[in-house]
Amino acid sequence: MLKIAITRPYAVDGEDASIRHLLANGFDIVHLRKPDADIDYCRELLQRLTNSERKRVVIHDYYSLYAEFNLRGIHLNKNIASYPVDYQGTRTRSCHSFDEVIRYKHECDYLFLSPIFDSISKSGYHSNFSHDELLEASKSGVIDNRVIALGGVTFDKLPYLQSLHFGGVAMMGALDDVMPF
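Residues in the sequence shown are numbered consecutively from 9, following my numbering.
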C-alpha cells in the first residue's frame, strides 16, 4: 500500500528535515502542497533536499519547479489545470466523487479520493462516503490500486482501507502525531 505525505499549505521551519524523516521512515512520496507559500520558499526547500529525495516529490503549486528540480510529478488542481507540453512525470489529481474517479482514472497514475473520513486538518470537512458506498465502489472496481484514500486517514485505519482495495493512503493531519510538519 502506497503511503503519501502531504505538506502543510504554508511555510514551516525545518520542513526539509521533516520530509527527509518521512521518506526514510515508511512514506513513499511527499506531495508538496504550498498554496500559502511563495515559489521562492518552495525552491529553497527543494534545494535543501537530495536528488533522490526530490525524485519522490510531487508538486501541487508552481509547476515550473517540476522540471527545474527533476521532481517525480505534478498534481492537477485549481492552481495547475493541465500538464506542460511533453510532460513525462507522474500524473495525479484529486477527486471528491466516484464519478470523478471514473472520469479521470485513465488519465492519471493515481488519484486522491476524499474525504474518506472526517478531516483532521480541515475543520468541518466531513466524510463524503458511507461504509456501504465504499464497499460497493470497491466491489465494482471503482476503488482499486490507482485510488488513494485521503481525508481523516490515520495509521489505525490502514487495515480497513486496505480491505477496500485502496492502492494507498495520503496523510496530512495524522502527521502531527509523528512530527511538526
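Backbone N, C-alpha and C define an ideal beta-carbon position, used for all residues, glycine too.
Pairwise C-alpha distance: residue j and residue i
i: I47; j: Y74; result: 12 angstroms
i: N87; j: D69; result: 6 angstroms
i: G149; j: D164; result: 24 angstroms
i: R154; j: D117; result: 6 angstroms
i: M180; j: V93; result: 30 angstroms
i: N33; j: H104; result: 29 angstroms
i: C50; j: I124; result: 29 angstroms
i: A145; j: F106; result: 8 angstroms
i: S72; j: Y112; result: 23 angstroms
i: S131; j: G160; result: 11 angstroms
i: L172; j: L30; result: 25 angstroms
i: T98; j: D140; result: 31 angstroms
i: F174; j: D152; result: 5 angstroms
i: N136; j: N85; result: 19 angstroms
i: Y18; j: S26; result: 14 angstroms
i: G22; j: S129; result: 20 angstroms
Sequence-distant residues of the same chain with beta carbon closer than 6 angstroms to residue i, five excluded per side
i: K147; result: none
i: E76; result: none
i: P188; result: Residue placement at P188 is flagged as unreliable, the pLDDT there being 47, under the threshold of 50; the coordinate-derived value follows with that caveat. Taken in chain order, the list of residues that qualify is empty.
i: Y95; result: none
Cβ pair residue i, residue j closer than 8 angstroms
i: F120; j: L158; result: yes
i: R56; j: D36; result: no
i: H83; j: R101; result: yes
i: T58; j: V38; result: no
i: A178; j: T162; result: no
i: V20; j: L40; result: no
Beta-carbon contacts of residue i that lie in its chain and below 7 angstroms, excluding the five residues immediately before and after
i: R62; result: L54, F77, N78, L79
i: V109; result: C103, L119, L121, V150, V155
Strand pairing of residue i, partner residues [DSSP]
i: F120; result: S102, I156
i: V161; result: V161 is not bridged to any residue.
i: I67; result: L40, I82
i: K11; result: V177
Under the three-state DSSP convention, the category residue i falls into
i: K113; result: helix
i: G81; result: strand
i: H134; result: coil
Residues of its chain near residue i, where Cβ-Cβ distance is below 8 angstroms and the 5 sequence neighbours each way are ignored
i: H134; result: P123, D126, S127
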